[in-house]
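Just so you know, my numbering puts 46 at position 23 of the sequence shown, and the rest follows in order with no gaps.
Written out below as structure tokens is the structure these notes cover.
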Amino acid sequence: MDKNIAETLKKLEETGKQFWIISHETGEFLNRLIRKKNVKRVLEIGTSIGYSGIWIAEALSSTNGKLYTMESHNERFNKAKKHFQEAGLTKYITQFKGHAPDIEIPNMIDLLFLDATKIEYVSYIKTFLFHMKKGGIIIADNAISHREALKEYEKYIFNSPQLESRLVEIGSGLFISTVL
Ligand SMILES: C[S@@+](CC[C@H](N)C(=O)[O-])C[C@H]1O[C@@H](n2cnc3c(N)ncnc32)[C@H](O)[C@@H]1O
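Right, dumping it as structure tokens:
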């Protein structure tokens with residue numbers, strides 16, 4: 024991994040815990056998955072300060088892909104911008120400031136990563152599923168740590184005939200769904 028990227032990730036792991044960043048293990052998992060499946064376009068809801076975005080964009084730099092990432096909080100949006108610059112990954116990232124799912128995205132996506140307001144996950148998936156084809160992957164963080172708050176989401180993904188879903192014990196827990 025490039026030195027600037029590794030150093031930025033390390034700095035955020037040491038100083039960014041209060042911004043609810045994903046675990047190192049989850050970052051590594053997302054990074055490997057993107058490389059393995061040759062994912063090109065990722066949409067993330069909940070940029071925060073950009074930690075997960077750096078893991079994702081690092082993998083997209085090898086698939087020549089693009090990350091679209093949305094953040095509603097002004098200060099965190101700007102911190103993420105700075106961290107993406109420090110990591111040297113801006114070429115692979117488009118940031119959107121605003122409240123999902125109200126933001127329009129320009130393209131179809133291969134992977135949707137949900138890491139924002141738990142009670143809104145159903146509205147995110149309902150909106151952005153229209154931007155996904157068969158074989159697309161949807162990953163929701165906090166499947167174990169916030170299972171109660173994600174009750175409706177869990178019900179939705181396990182009952183949808185359009186999705187095949189499972190719970191994976193990585194980091195705070197991930198719901199991983201494949202579009203059928
Ligand atoms: C758990 S943090 C994201 C952490 C980030 N994915 C990481 O690991 O580095 C959640 C972020 O989502 C943002 N957020 C919450 N609801 C949102 C929404 N509806 N649209 C955009 N951003 C949202 C919050 O402001 C917060 O910064």
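Glycine residues also receive a C-beta, built at the ideal position from the N, C-alpha and C atoms.
- VAL202: member of the beta strand (DSSP E) spanning 197 to 202, first to last residue.
- Contact check for HIS122 and SER84: beta-carbon distance about 28 Å, past the 8 Å limit, so the pair fails to qualify.
- Under the 8 Å Cβ criterion, the segment 28 to 40 does not count as touching the segment 58 to 66, having fewer than three qualifying pairs.
- Nearest to GLN118 by C-alpha distance, out of SER71, MET93, ILE180, is MET93.
- According to DSSP, residue pairing for PHE119 in a beta bridge involves MET93.
- Around the beta-carbon of PHE153, fewer than 16 other beta-carbon atoms lie within 10 Å, marking it exposed.
- GLU30 and LEU56 have their C-alpha atoms roughly 22 Å apart.
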